[in-house]
Amino acid sequence: MIVLFTDFGLAGPYTGQVTAVLNQGAPEMPIISLFADAPSERPKPAAYLLAAYGAWFPAGTVLLCVVDPGVGSDRRAVVVEAEGRIYVGPDNGLFDIVIRRASGAQMWEIIWHPGPLSPSFHGRDLFAPVAARLATGAPITELAQPAADESVKRAWPDDLAEIVYIDHYGNALTGLRGALLSPKARLGVSGLSLRRAATFSAVKPGAAFWYINSNGLAEIAVNAGRADTTLGLTIGSAIAIEN
Amino acid sequence: MIVLFTDFGLAGPYTGQVTAVLNQGAPEMPIISLFADAPSERPKPAAYLLAAYGAWFPAGTVLLCVVDPGVGSDRRAVVVEAEGRIYVGPDNGLFDIVIRRASGAQMWEIIWHPGPLSPSFHGRDLFAPVAARLATGAPITELAQPAADESVKRAWPDDLAEIVYIDHYGNALTGLRGALLSPKARLGVSGLSLRRAATFSAVKPGAAFWYINSNGLAEIAVNAGRADTTLGLTIGSAIAIEN
Amino acid sequence: MIVLFTDFGLAGPYTGQVTAVLNQGAPEMPIISLFADAPSERPKPAAYLLAAYGAWFPAGTVLLCVVDPGVGSDRRAVVVEAEGRIYVGPDNGLFDIVIRRASGAQMWEIIWHPGPLSPSFHGRDLFAPVAARLATGAPITELAQPAADESVKRAWPDDLAEIVYIDHYGNALTGLRGALLSPKARLGVSGLSLRRAATFSAVKPGAAFWYINSNGLAEIAVNAGRADTTLGLTIGSAIAIEN
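These protein sequence lines map, in sequence, to chains A, B and C.
Mapping to this note's numbering: the first sequence position 124 is 124, numbers consecutive.
For this note's numbering, count along the second sequence from 1 and bump the result up by 243.
For this note's numbering, count along the third sequence from 1 and bump the result up by 486.
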């Protein structure tokens, strides 16, 4: 299975062109769009989102990950192998949290170039051909060479006390793993101090709370309402952990 | 074929994760997203939309239907067989109109549990595995037991004189089957009384009218314009039938 | 491969129903949605977008193209063969630029009717069945008869000095082929005169510029910003070419 994690947006030609390249290169392989709306051009919140959602897929999955504000600059293009999954994308921190949470993750720099490379669309012209090759069983060593993990220079925290994604229902996902928080912890946002609830139906309509979502992240929600507009939350909003 | 009818939204991880589960469980089966933007958390208008659009698919289709504001509460999880199609989803009225319009529809309560169930995402953790099994030929009786249809307690009408969906062009779909209305009937909305036209090009640009859409619903439209903003229509807006 | 180029929108039932028809008629064929948000009901800018993006696909691709404000009127339904690709859709100018840029393109009028035709959804009821048949190898002559190209009556220019699409990042695509412009040409929009840059990272954050995008169109962008809101651009905005 090839999984797409990008900020290409739902509209327009980008996801379609990348899917066409993947399909040409790996004809029998299912292609699943997980996020086409990862935090736009913001690798840091995207890194926490990817770590939580990528780990849900079985070993052997190839994840094509493109949140790439530096496209056209000299940032490296990399492959990361972690817990049996293969991640392909730009080296801008997007894989830092995946690597930190895995045991024995490895990073390679892509040296194979499949053909002419447009300066603005490496997702289509470089990362997708590499992902298709790897999905069909090509060894990583054929396309890339071992590279040093440079995440230490960014020194991002293990968990991010910020909103990293707003979903369709207006729920606000944090970069905090719920299982690492005390069940009695409160999350402070917008002057409020929110308690944990097991699920939506455990609180009154209109009440704000936090819960551990279906991929393990602490998520702020309002039953029968939108947390984003009610609480003024957006990607990057800070969360206070109150024990 | 497996068809998705959900309010998961176009963005975010929900449709992707459900598609991944379906693909793992039913690898050769085409998966079609019909609606990812069914009326959000509103089973009543969604029920009329589903009845009109689900019936368009051939017998043998499995429809995975999730508009589920009660997820995590004790609402039942069900399978409905109607006219040779199989519907899987929550028992909150979403299937009431499908059942009423079919001859001899049957309802089962799902008793098979495929594994750990997150409190907030039964679409992925329960309904998708059930749909995949049924799509690959498992008998319903292996996963579910006969259950009573409780639609009588909701007593929703045969047709709903309300807007049930606004489409991309701003057209407003009603919950009324067009063939049951007199061709001379007028539909009253926002202080206007709209006549029927055969199609868009039969009226002047800017004119509002109703017509029978390509799935049989009475639909309110404005030629070369948007009915929703022009007429102030939204999901739930009432329609008066003027004969 | 079957490629969708439509203004159906991302939401709602239209893309799903068309995909279901294609899948039923051409079961093994990959179906790629390239644009579901082509310029809504505006064949002229859509024609320049289609010419630039359709040509990216390999020979043998069938492109199902629906931007069809005249559906239900007597506009012709056509098949165009150009450079080994097959285009299916309404005859309203959408294929004018594809034809003009190809050598020896041919046009046919569709005469085969697959079944009942709803007045408002020829994409599903006519164009998709035709596209599926052609994708599975049916000769065009079985479904259509040679027809005259009537693009001369529209006399659209070779390149369109207007914005034809705004993408997810707020970049504004013009209908101008970048390779036909002098590298020193400036593009005038909203009282500004923009220079060309090779790529985003070649200009300062916040700076507006134009560049040749990954499909050859001149595109107006703002590094780390949105060109559409910053410069007040929308589909149809005029561009001045300043040499």
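Beta carbons are placed, not taken as given, at the ideal position from N, Cα and C, and that holds for glycine.
Keep in mind it's a predicted model, so treat the numbers as computed, not measured.
Could you tell me whether any Cβ in chain C is nearer than 7 Å to the Cβ of B/Ile275? In the second sequence, residue 275 of chain B corresponds to position 32, counting from 1. Yes, B/Ile275 lies at the interface with chain C (some Cβ there is under 7 Å from its Cβ).
Euclidean distance between Cα positions of A/Leu181 and B/Ile463: Here residue 181 of chain A is taken as the residue at index 181 of the first sequence, counted from 1. Here residue 463 of chain B is taken as the residue at index 220 of the second sequence, counted from 1. Their Cα atoms are separated by approximately 51 Å.
Compute the distance between the beta-carbons of C/Pro529 and C/Gly579, then report whether it is under 7 Å. Against the third sequence, residue 529 of chain C aligns to sequence position 43. Against the third sequence, residue 579 of chain C aligns to sequence position 93. Yes, the pair counts as a contact, with Cβ atoms nearer than the cut-off.
Can you name the residues that DSSP bridges to C/Leu549? For the purposes of this step, residue 549 of chain C is taken as residue 63 along the third sequence, with counting starting at 1. DSSP lists C/Val489 and C/Tyr573 as partners of C/Leu549.
Alpha-carbon to alpha-carbon, B/Val314 and B/Ser363: Mapped onto the second sequence, residue 363 of chain B falls at position 120. Mapped onto the second sequence, residue 314 of chain B falls at position 71. Just so you know, the alpha carbons of B/Ser363 and B/Val314 end up roughly 6 Å apart.
I want to see whether chain A comes within less than 7 Å of B/Gly468, judged by CB atoms only; does it? On the second sequence, position 225 is the one that residue 468 of chain B refers to. Not an interface residue.
Report yes or no: do three or more beta-carbon pairs, one from the segment 284 to 303 of chain B and one from the segment 336 to 351 of chain B, lie closer than 8 Å? yes
Taking only three categories from DSSP, how would you classify A/Pro43? By one-based count along the first sequence, residue 43 of chain A stands at place 43. Three-state result, A/Pro43: helix.
Run through chain B and tell me which residues come within less than 7 Å of C/Thr720, C-beta to C-beta. For this step, residue 720 of chain C is matched to residue 234 along the third sequence. Within chain B, no residue has its CB atom less than 7 Å from the CB of C/Thr720, the nearest being about 16 Å off.
Looking at the secondary structure, which residues open and close the alpha helix (DSSP H) in which B/Thr262 lies? Your numbering for residue 262 of chain B matches position 19 in the second sequence. First-last of the alpha helix (DSSP H) with B/Thr262: Tyr257 to Gly268.
Once you ignore the five residues that flank A/Gln145 on each side, which residues in its own chain have a CB closer than 8 Å to its CB? As a first step, residue 145 of chain A is located in the first sequence; it is residue number 145 there, counting from the start. The residues are Trp108, Glu109 and Ile111.
Between B/Asn310 and the rest of its own chain, which residues show a CB-CB distance below 6 Å, the 5 nearest in sequence each way excluded? For the purposes of this step, residue 310 of chain B is identified with residue 67 of the second sequence, where counting begins at 1. What sits at residue 310 of chain B in the sequence shown is Val, not Asn. For B/Val310, where only same-chain residues beyond five positions count, the Cβ hits under 6 Å are Asp250, Ala281, Pro286, Ala289 and Leu337.
C/Leu496 CB to nearest chain B CB: under 7 Å? In the third sequence, residue 496 of chain C corresponds to position 10, counting from 1. Yes, contact with chain B.
Can you tell me whether B/Gly418 is buried or exposed? The criterion is at least 16 other CB atoms within 10 Å of its CB, across all chains shown. Counting from one through the second sequence, the residue named residue 418 of chain B turns up at place 175. So B/Gly418 ends up on the buried side.
In this structure, does DSSP put A/Gly178 in helix, strand or coil? For the purposes of this step, residue 178 of chain A is identified with residue 178 of the first sequence, where counting begins at 1. Helix.
Is C/Phe686 near C/Asn657, with beta carbons less than 7 Å apart? Taking the first residue of the third sequence as 1, we reach residue 686 of chain C at position 200. Taking the first residue of the third sequence as 1, we reach residue 657 of chain C at position 171. No, they are not a contact pair.
Just checking: is the beta-carbon of C/Phe521 within a distance shorter than 7 Å of some beta-carbon in chain A? Within the third sequence, residue 521 of chain C is the residue found at index 35, counting from 1. Yes, C/Phe521 counts as interfacial toward chain A.
With 7 Å as the threshold, decide whether the Cβ of C/Asp653 is near any Cβ in chain A. Counting from one through the third sequence, the residue named residue 653 of chain C turns up at place 167. By this cut-off, C/Asp653 is an interface position.
Local conformation of B/Tyr408 per DSSP, three classes: Indexing the second sequence from 1 puts residue 408 of chain B at position 165. Three-state result, B/Tyr408: strand.
Give the residues of chain F in contact with C/Thr685, contact being defined as C-beta atoms less than 7 Å apart. Absent here is chain F; the protein component of the structure consists of chains A, B and C.
Could you name the residues of chain B that C/Pro499 contacts, counting a contact when the two beta carbons are closer than 7 Å? Stepping through the third sequence from its first residue, residue 499 of chain C is reached at position 13. Going along chain B in sequence order, the residues near C/Pro499 (Cβ under 7 Å) are Leu277, Phe278 and Tyr296.
What are the residues in the segment 311 to 337 of chain B lying within 8 Å of chain A by C-beta distance? Pro312, Gly313, Val314, Gly315 and Ser316
Can you find a C-beta in chain C that's less than 7 Å from the C-beta of B/Ser457? For the purposes of this step, residue 457 of chain B is taken as the residue at position 214 of the second sequence. So, interface residue.
Establish whether the CB of C/Ile609 and some CB of chain B are separated by less than 7 Å. Your numbering for residue 609 of chain C matches position 123 in the third sequence. The amino acid occupying residue 609 of chain C in the given sequence is Gly; Ile does not appear at that position. C/Gly609 does not count as touching chain B.
Residue ranges of each beta strand (DSSP E) run of no fewer than 3 residues wholly in the segment 327 to 409 of chain B, ordered along the chain? 328 to 333, 349 to 353, 387 to 389 and 403 to 409
I believe C/Leu673 touches C/Ile727 by the beta-carbon criterion, under 8 Å. Please report the beta-carbon distance rounded to the nearest angstrom. Reading the third sequence from its first residue, position 187 is the one you call residue 673 of chain C. Reading the third sequence from its first residue, position 241 is the one you call residue 727 of chain C. 7 Å between Cβ atoms; contact.
Looking at A/Ala102 and A/Ala82, is the spacing between their C-beta atoms short of 7 Å? Indexing the first sequence from 1 puts residue 82 of chain A at position 82. Indexing the first sequence from 1 puts residue 102 of chain A at position 102. Result yes, Cβ atoms of A/Ala82 and A/Ala102 sit closer than 7 Å.
Same chain, Cβ closer than 7 Å to B/Gly252, neighbours up to 5 away in sequence not counted: In the second sequence, residue 252 of chain B corresponds to position 9, counting from 1. Excluding positions up to five away in sequence, the list reads Ala279 and Asp280.
To which residues of the same chain is B/Thr472 closer than 8 Å at the C-beta, ignoring the five residues directly before and after it? Taking the first residue of the second sequence as 1, we reach residue 472 of chain B at position 229. Cβ within range, chain order: Gly413.
With C/Ala647 and C/Ala724 assumed to form a contact (beta carbons below 8 Å), what rounded beta-carbon distance in angstroms separates them? Residue numbering aside, residue 647 of chain C sits at position 161 when the third sequence is read from its first letter. Residue numbering aside, residue 724 of chain C sits at position 238 when the third sequence is read from its first letter. That belief holds up - the Cβ atoms of C/Ala647 and C/Ala724 are roughly 6 Å apart, short of 8 Å.
Using three-state DSSP, classify A/Leu231 as helix, strand or coil. Residue mapping note: residue 231 of chain A aligns to position 231 of the first sequence, counting from 1. Here A/Leu231 sits in helix by DSSP.
Just the chain A side, please: which residues come within less than 7 Å of C/Met593 by C-beta, in chain order? To locate residue 593 of chain C, count along the third sequence from 1; it is residue 107. Ordered by position in chain A, no residue passes the 7 Å Cβ test against C/Met593, which lies about 25 Å from the chain.
What residue from B/His356, B/Ala381 and B/Asp334 has the CA that sits closest to B/Val305's CA? Walking along the second sequence from the start, residue 305 of chain B turns up at place 62. Shortest Cα-Cα distance from B/Val305 to any of B/His356, B/Ala381 and B/Asp334 involves B/Ala381.
Would you call the segment 261 to 275 of chain B and the segment 316 to 330 of chain B in contact, with 3 or more CB pairs under 8 Å? A contact is defined here as three or more CB-CB pairs under 8 Å, and the segment 261 to 275 of chain B fails this definition with respect to the segment 316 to 330 of chain B.
Opposing strand residues paired with C/Glu567 [DSSP bridges]: For this step, residue 567 of chain C is matched to residue 81 along the third sequence. Answer is C/Ile572 and C/Gln592.
Is it right to say C/Gly511 is buried, meaning 16 or more other beta carbons lie within 10 angstroms of its own, or is it exposed? Residue 511 of chain C sits at position 25 when you count from the first residue of the third sequence. It counts as buried.
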